[in-house]
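Down below is the structure, laid out as structure tokens.
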Amino acid sequence: MRQLLLLRHAKSAWDDPDLPDHARPLNDRGRLAARSMAAEITRLRLLPDVVLVSSARRTLQTLDALNPLEGSPIVQVLDEIYLAPWESLLGLLHRVPETARSVLLIGHNPGLHELSLNLLSPHGDPSPARFRLRGAYPTGALTEFAIATPWQGLTDGGGRLMQFVAPRDLPGAESLADATEGPG
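Position 116, counted from 1, in the sequence shown is what my numbering calls 313; the numbers after and before it change by one each time, with no gaps.
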């Protein structure tokens with residue numbers, strides 16, 4: 198059984214209108230949320246062998262908050278993840294070496310949310326996590342899927358949803374709401 202972890206970058210800053218989207222950093226709330234999610238990933242013992250991360254500044258800063266990751270995973274910074282549609286993200290997963298047991302993909306909406314929705318098994322139970330995932334994929338949120346096929350064979354409906362966690366679900370989430378810096 199393989200494990201796929203999909204992590205949306207934490208909340209980013211919008212306070213500089215001249216800054217290109219690719220260069221936007223995390224805001225204060227995003228940095229706090231990323232650290233909270235890093236602690237949760239450690240607590241859950243989620244240990245990726247491979248990390249695929251968008252080259253955008255906010256995704257790299259989200260990854261930085263997770264470091265050091267246990268097991269020293271292979272990290273690939275990829276321009277093609279930036280604002281990629283879900284089909285392209287699935288194509289990237291098809292290229293993951295079959296020796297990888299667990300993959301963490303750090304990216305952006307709408308592609309990440311659409312990928313997660315397309316991976317949902319149509320026969321999954323109507324869990325609260327499944328219901329929430331169908332509604333929205335907030336910044337900093339993490340989805341864990343169990344994958345029964347080789348990476349190259351991953352298709353629509355090929356994932357079993359294990360959990361969906363957002364920063365607001367974690368202890369101390371009220372402090373995240375207090376640390377605001379702009380609307381992003």
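Cβ coordinates follow ideal geometry from the N, Cα and C atoms, glycine included.
Best match in the options for proximity to residue i [C-alpha to C-alpha]
i, options, result
"Pro213", "Arg221, Ala333 and His206", "The sequence given here places Asp at residue 213; Pro does not occur at that position. When only C-alpha atoms are compared, the closest one is Arg221."
"Arg327", "Tyr279, Phe361 and Asp215", "Phe361"
"Leu204", "Gly304, Ser285 and Gln258", "Gly304"
"Tyr279", "Arg292, Val272, Thr256 and Leu287", "Thr256"
"Ser318", "Gly355, Gly308 and Ser252", "Gly355"
"Tyr334", "Val272, Arg357, Leu241 and Asp366", "Asp366"
"Ala363", "His320, Val293 and His310", "His310"
"Asn306", "Ser324, Leu339 and Val272", "Leu339"
"Ile271", "Arg357, Glu277, His291 and Val300", "Val300"
"Arg240", "Leu216, Leu266, Ser313 and Val293", "Leu266"
Residue i: first and last residue of the uninterrupted beta strand (DSSP E) it sits in
i, result
"Gly356", "Gly356 to Val362"
"Arg205", "Arg199 to Arg205"
7 Å Cβ shell around residue i - same chain, five flanking residues per side excluded
i, result
"Lys208", "Leu223, Asn224, Arg226, Gly227, Ala230, Thr336, Gly337 and Gly381"
"Ala376", "Any reading at Ala376 must be qualified, since the residue scores a pLDDT of 44, below 50, and its modelled position is unreliable; the value itself is stated next. Excluding sequence neighbours, Ala376 sits near Asp225, Arg226 and Leu229."
"Arg232", "Ala262"
"Arg298", "Arg199, Gln200 and Asp246"
"Asn315", "Trp283 and Asp353"
"His291", "Trp348, Gln349 and Leu351"
Where residue i sits in the DSSP three-state scheme
i, result
"Thr340", "strand"
"Leu367", "coil"
"Pro380", "In this prediction, Pro380 has a pLDDT of 36, which is less than 50 and means its spatial position is unreliable; nothing more can be read from the coordinates."
"Leu317", "strand"
"Leu216", "coil"
"Ser285", "helix"
"Leu263", "helix"
"Leu223", "strand"
Chain-order list of residues whose beta-carbon lies under 8 Å from that of residue i (same chain, five-residue window excluded)
i, result
"Glu295", "Pro347, Trp348 and Gln349"
"Met198", "Ala343, Ile344 and Ala345"
"Leu275", "Leu249, Val250, Ser251, Ser252 and Leu289"
"Gly369", "Ser233"
"Glu237", "Leu339, Val362 and Leu367"
"Gly379", "Here the model assigns Gly379 a pLDDT of 38, short of 50, so the residue's position is not dependable, and the following value carries that caveat. Only Ala210, Trp211, Asp212 and Asn224 meet the Cβ criterion."
Range of the contiguous alpha helix (DSSP H) that encloses residue i
i, result
"Ile278", "Note, Ile278: premise wrong, no alpha helix (DSSP H); not H, not E."
"Leu301", "Element bounds for Leu301: not the alpha helix (DSSP H) but the beta strand (DSSP E), Ser299 to Gly304."
"Leu330", "Pro325 to Gly332"
Own chain, CB closer than 6 Å to residue i, minus 5 neighbours either side, in chain order
i, result
"Arg329", "Phe361"
"Gly308", "Ala281, Pro282, Trp283 and Leu286"
- For the stretch 234-261, which segments carrying the alpha helix (DSSP H) assignment without a break, of at least 4 residues, lie completely within its bounds, in sequence order? none
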